[in-house]
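First up is the structure itself, then whatever we jot down about it.
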Amino acid sequence: MIKIGDFARLGQVSVVTLRHYDEVGLLKPVSVDNFTGYRYYAVAQLSELNHILALKDLGFSLDQIAQVLQGLTGEQLQGMLIMKQVEVQQHLVDEQARLSRIGVRLKQLKMEDTMPNYDVVLKTVPPQLIASRKVSIPTNDQVPAYLNEAYGEVYSHIKAQGAKDTGACFGVWHQPAAILANEVAEAAVPVDHAIPSSDRVKVYELPQAQVASAVHRGEFVSFVQLHAVLLDWIESNNYQIVGPYREIYINSADKSNSTTEIQYPVAKAN
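To convert a position in the sequence shown, counted from 1, into our numbering, add 8.
This is the structure in structure tokens:
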């Protein structure tokens, strides 16, 4: 028999690791000294230890390794390996995307020679039930007047139908941000339950979407820079826009210190 320290050196693992394997029932010593508490292993257990380490190197958890050691059919082991392969492949895809985003940020820093004003994040927004009024706005300077009137209609309809708004109002814009004439937008308000639509206010569910998102603080006139940052991020990270963008007016009471989140629905480009 071999003392735990010598067995650890032969197996090129730490004593702490062997103790842990013992505690979780993965590799038990053949004997434990009742007086000193020393653990002793058999030379033959080196092959068991190597088997454990080989499976661990493949990325299996200790629980999964225990399943293997308890005895699996070849088909079951093959299934576990295929699942692990898929998991590792997805991890590689995720890390490659992370590497790409790091590259974009480095490029941005080099071009601006300063810290960026905006951070773009990719996230999934859940489905959302909304009441909305779609309007066509002749010129960009008329946006506040048209949207304010539209929101008034939407909130009146929600109240009349006995519903409640459940969050910040937002705009759904149906053309690129660079177009500043004849803009088509929806004044949207999330609601707590389904209510009937009217001729002018439509109630429907916005589907779940993956969005590229960034937050703007300050005057609305500064949106141009944020849109440019978002569009550059989308292109640089090999995404494409797949739906109308959204402006969520989180805090718009104070125009000079407002907080607005802009979201572009995106999907990976082919």
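For each residue, glycine too, the CB sits at the ideal point set by N, CA and C.
If you're wondering where the values come from, they're calculated on a predicted model, not measured in any experiment.
According to the neighbour-count rule (16 or more other Cβ atoms, all chains shown, within 10 Å of its Cβ), is residue i buried or exposed?
i      : result
Gln271 : buried
Val215 : Checking the displayed sequence, the identity of residue 215 turns out to be Pro instead of Val. Per the 10 Å Cβ criterion, exposed.
Gly19  : buried
Arg50  : Here residue 50 turns out to be Ala, not Arg, going by the sequence shown. Exposed, by the Cβ-count rule.
Ser144 : exposed
Phe15  : buried
Ala195 : buried
Ser140 : buried
Ala275 : exposed
Pro282 : Examination of residue 282 is not possible in this model, given that the chain is present from 9 through 278 alone.
Val162 : buried
Ile73  : buried
Arg47  : buried
Ala189 : exposed
Just to check my reading of the structure: residue i and residue j have Cβ atoms closer than 8 angstroms, yes? What is that Cβ distance to the nearest angstrom?
i      : j      : result
Ser221 : Lys131 : 6 angstroms
Val128 : Val219 : The Cβ separation is near 10 angstroms, so there is no contact.
Leu34  : Ile12  : Wrong, their Cβ atoms sit about 14 angstroms apart, outside the cutoff.
Ile138 : Val192 : Rounded, the Cβ-Cβ distance is 16 angstroms, inconsistent with contact.
Ile287 : Pro273 : Outside the shown range of the chain (9 to 278) lies residue 287, about which nothing can therefore be said.
Would you report the Cα separation of residue i and residue j, rounded to the nearest angstrom?
i      : j      : result
Arg225 : Glu269 : 9 angstroms
Ser22  : Leu66  : 19 angstroms
Tyr247 : Leu107 : 15 angstroms
Met9   : Val94  : 41 angstroms
Gln136 : Ala62  : 47 angstroms
Glu157 : Ile187 : 21 angstroms
Tyr154 : Val101 : 44 angstroms
Glu103 : Ser244 : 16 angstroms
Gly45  : Ala52  : 21 angstroms
Asn286 : Lys64  : Nothing about residue 286 can be reported from this structure: the residues present for the chain run from 9 to 278 only.
Gln98  : Ala105 : 11 angstroms
Lys142 : Val237 : 27 angstroms
Give the range of the beta strand (DSSP E) segment to which residue i is assigned.
i      : result
Gly179 : Phe178 to Trp181
Val250 : No beta strand (DSSP E) holds Val250; DSSP gives it neither H nor E.
Gln223 : For clarity, residue 223 is Val in the given sequence; the question names Gln instead. From DSSP, the beta strand (DSSP E) with Val223 extends over Ala217 to Arg225.
Ala193 : Ala189 to Pro198
Mind checking which residues open and close the alpha helix (DSSP H) that includes residue i?
i      : result
Asn156 : Val151 to Ala168
Tyr46  : Taken as a continuous stretch (DSSP letters only), Tyr46 belongs to no alpha helix (DSSP H), as it is neither H nor E.
Ala62  : Gln53 to Asp65
Ala74  : Leu70 to Leu77
Arg208 : Neither: Arg208 is in no alpha helix (DSSP H) and is coded neither H nor E.
Query raised in the report: Does the stretch 206-216 come within contact of the stretch 156-168, defined as at least 3 CB pairs closer than 8 angstroms?
Result: yes
Query raised in the report: Would you call the stretch 179-187 and the stretch 241-256 in contact, with 3 or more CB pairs under 8 angstroms?
Result: yes
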